[in-house]
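In what follows, a single structure is set out as structure tokens and then discussed.
Residue numbers (our numbering): 1403 to 1538.
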């Protein structure tokens, strides 16, 4: 098929190799692996990914403007915001919303979880960086 091309003898010899090549039929083993993410921040109730549109048919922007991730252990929105602020290089422009615990005197477990999550946040926070421009 390449005989009509005006090429050198070396290139014409390469065309012979192309014509003689036969691809090998290979069977590839496929493995189905479950994707189980270790940590997914989630806020709110567990979501079955069943999205029923609102009666007014307005888009709710779940996952785009509002966090929509399922998990059995729900993350605290305030702690998640603090984690994002700690790792971000930019200073946030919007003020931080602080959550309160209703009936705190009766919800000691929630207070203990809050203290533990803040301790974990402080432990995982990156150390402050100092840049030295000139050494004297």
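Ideal Cβ positions, reconstructed from N, Cα and C, are used throughout, including at glycine.
- Query: Three-state secondary structure (DSSP) at residue 1418?
  - Reply: Your numbering for residue 1418 matches position 16 in the chain shown. Here residue 1418 sits in helix by DSSP.
- Message: Measuring straight from C-alpha to C-alpha, what distance separates residue 1503 and residue 1530?
- Response: Residue numbering aside, residue 1503 sits at position 101 when the chain shown is read from its first letter. Residue numbering aside, residue 1530 sits at position 128 when the chain shown is read from its first letter. When rounded, the distance between both Cα atoms is 31 Å.
- Helix, strand or coil: how does DSSP classify residue 1489 here? Taking the chain shown and counting its residues from 1, the one referred to as residue 1489 is at position 87. Three-state result, residue 1489: helix.
- Helix, strand or coil: how does DSSP classify residue 1412 here? In the chain shown, counting from the first residue as 1, residue 1412 sits at position 10. DSSP places residue 1412 within a helical segment (H, G or I) once states are collapsed to three.
- Task: Tell me, to the nearest whole angstrom, how far the beta carbon of residue 1523 is from that of residue 1484; I am working on the premise that it is less than 8 Å.
- Result: Working through the chain shown from its first residue, we reach residue 1523 at position 121. Working through the chain shown from its first residue, we reach residue 1484 at position 82. Between residue 1484 and residue 1523 the Cβ distance is about 6 Å, and since that is below 8 Å, they are a contact.
- Looking only at its own chain, which residues have a Cβ that is under 6 Å from the Cβ of residue 1481, when we skip the five neighbours before and after it? If you number the chain shown from 1, residue 1481 lands on position 79. So the qualifying residues of the chain are 1519.
- Item | Distance between beta carbons of residue 1456 and residue 1462, contact taken as under 8 Å | If you number the chain shown from 1, residue 1462 lands on position 60. If you number the chain shown from 1, residue 1456 lands on position 54. The pair is a contact, with the Cβ atoms about 6 Å apart (cut-off 8 Å).
- Item | DSSP state of residue 1432 mapped onto helix, strand, coil | Locating residue 1432 in the chain shown gives position 30, counting from the first residue. Looking at residue 1432 - three-state DSSP - the assignment turns out to be coil, as it is neither helix nor strand.
- Item | C-alpha gap between residue 1407 and residue 1422, whole angstroms | In the chain shown, the residue the question calls residue 1407 occupies position 5. In the chain shown, the residue the question calls residue 1422 occupies position 20. In a straight line, the C-alpha of residue 1407 is about 18 Å away from that of residue 1422.
- Item | Neighbourhood of residue 1506 by C-beta distance below 7 Å, restricted to the same chain and skipping five residues each side | By one-based count along the chain shown, residue 1506 stands at place 104. Only 1513 meet the Cβ criterion.
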